[in-house]
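Chains as they are written, first to last, in the working numbering: chain E, 1 to 185; chain U, 186 to 370.
Heads up, the thing below is written out as structure tokens.
What follows is the structure, encoded as structure tokens:
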């Protein structure tokens, strides 16, 4: 009986040992899972931060929503160089177009220059095929040429614009680019 | 003796239990460390990829190395709007400065505008403290004001530049920004 008692105690000890090992392993695994669970969160946070940084990373702040009297869709204009005193005879501004957004048809008595910084968009002169624009493209818009510019249907589009020879007068606005015209590009 | 033997077995069991707990905990910890070691590597890879993307992500192509007659260090100029025919009376260009690179002192009879797109740099008018510039900053350089612009010692720097009222004549170059002047910013 004593031998049995000893064996019983040993088996109980081993049983407790096994239970303890399973419990400890489970706790360790949970700790591990906890780390793993945090991991994607950290990554998401980092990605979010990257995205936020990217949002902030747009070169110029978005500026104010432009009036729908001369724009279709949501367009944001940040006047960088208002040239109020006419020192430079040039205005410069950052323009962000939401997908599908665009200017009305218009022309400039002093011409206009576009430097594309982000996204995909179009520039079209009346009677000509639309020109597809991406980052790094440069557009020289001749004096008094009727045209429009804006985003592709499925992409944001940002350009720096410059109105040159501002002393010749303001842009002339010539009516909206209809959906038919826009969808035909 | 039998009671002692039982107690001895129990104590041995508990001893083995403790050793087992320590071993299992250590194995779990090592697995955890392994995960942690991989983590920074993943992050480094991601960061490197982001940096590579950023490099390719420059808005405008780098252009040609500018002459050291009017620049210190390596500077690359891409003339975006040469305005050869004088239609716009404005030239626009992309300028990339390597760290420490800078223009000579100079002035513009028609003024100049800078739109900072990348990196960290400085703009200084003669007799004034240098202004630190980062992405999104805008500089209006008055007519005939002696100044320089360029990169910080430890950063690349890129801006779009516009020479306005080009018909007033070319920039006047007024000698290099000495290391003493540059190091004093």
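Each residue gets a CB set at the ideal place from its N, CA and C atoms; glycine is no exception.
Could you check how far apart the C-beta atoms of residue i and residue j are, in whole angstroms? I think they sit under 8 Å.
i                      : j                      : result
residue 146 of chain E : residue 176 of chain E : The pair is not a contact, with the Cβ atoms about 13 Å apart (cut-off 8 Å).
residue 287 of chain U : residue 258 of chain U : 7 Å
residue 117 of chain E : residue 164 of chain E : In fact, because the Cβ distance is near 18 Å, the residues do not count as touching under 8 Å.
residue 262 of chain U : residue 254 of chain U : Rounded, the Cβ-Cβ distance is 13 Å, inconsistent with contact.
residue 185 of chain E : residue 272 of chain U : Not quite, the Cβ-Cβ distance comes to about 26 Å (not below 8 Å), so this is no contact.
How long is the line joining the alpha carbons of residue i and residue j, rounded to whole angstroms?
i                      : j                      : result
residue 58 of chain E  : residue 264 of chain U : 23 Å
residue 61 of chain E  : residue 256 of chain U : 31 Å
residue 166 of chain E : residue 108 of chain E : 9 Å
residue 347 of chain U : residue 91 of chain E  : 11 Å
residue 260 of chain U : residue 183 of chain E : 43 Å
residue 340 of chain U : residue 180 of chain E : 48 Å
residue 322 of chain U : residue 110 of chain E : 26 Å
residue 228 of chain U : residue 171 of chain E : Here the model assigns residue 228 of chain U a pLDDT of 32, short of 50, so the residue's position is not dependable and the matter cannot be decided.
residue 94 of chain E  : residue 279 of chain U : 16 Å
residue 274 of chain U : residue 345 of chain U : 16 Å
residue 285 of chain U : residue 338 of chain U : 4 Å
residue 269 of chain U : residue 297 of chain U : 17 Å
residue 306 of chain U : residue 121 of chain E : 31 Å
So, for residue i: in the same chain, excluding its five sequence neighbours on each side, which residues have a beta-carbon less than 8 Å away from its beta-carbon?
i                      : result
residue 308 of chain U : 299, 315, 316, 318, 324, 326, 332, 333, 334
residue 105 of chain E : 126, 146, 147, 148, 173, 174, 175, 176, 177
residue 119 of chain E : 97, 134, 135, 151, 152, 155, 156, 157, 158
Apart from the five residues just before and just after residue i, which ones in its own chain have a Cβ nearer than 6 Å to its Cβ?
i                      : result
residue 45 of chain E  : Here the model assigns residue 45 of chain E a pLDDT of 31, short of 50, so the residue's position is not dependable and the matter cannot be decided.
residue 97 of chain E  : 75, 150, 151, 157
residue 266 of chain U : 276, 277
residue 248 of chain U : 261, 262, 263
Closer than 7 Å by beta-carbon distance: list the chain E residues that pair up with residue i, in chain order.
i                      : result
residue 266 of chain U : 113, 138, 140
residue 274 of chain U : 89, 164, 165
residue 336 of chain U : Chain E residues near residue 336 of chain U: none, gap ~17 Å exceeds 7 Å.
Please compile the residues from chain U whose C-beta is within a distance smaller than 9 Å of the C-beta of residue i.
i                     : result
residue 61 of chain E : 321
In chain U, which residues lie with their C-beta within 7 Å of the C-beta of residue i?
i                      : result
residue 76 of chain E  : What residue 76 of chain E touches in chain U: nothing, since even the nearest Cβ is about 14 Å away.
residue 123 of chain E : Neighbours of residue 123 of chain E on chain U: none; closest Cβ ~15 Å, over 7 Å.
residue 117 of chain E : 244
residue 69 of chain E  : Within chain U, no residue comes near residue 69 of chain E; the closest Cβ sits about 26 Å away, beyond 7 Å.
Please go through the same chain and pick out, in chain order, the residues whose beta-carbon is closer than 7 Å to the beta-carbon of residue i, but skip the five residues on each side of it.
i                      : result
residue 354 of chain U : 294
Residue i touches chain U at which residues, Cβ-Cβ below 8 Å?
i                      : result
residue 143 of chain E : 272
residue 171 of chain E : The contacting residues do not exist; residue 171 of chain E stays about 15 Å from chain U at best.
What does residue i reach in chain E if we use C-beta pairs closer than 8 Å?
i                      : result
residue 345 of chain U : 115, 160
Shorter than 7 Å, the distance from the beta carbon of residue i to the closest heavy atom of the ligand HEM, or not?
i                      : result
residue 332 of chain U : Judged by which ligands are present, the structure shown has none, so any question about the ligand HEM falls away.
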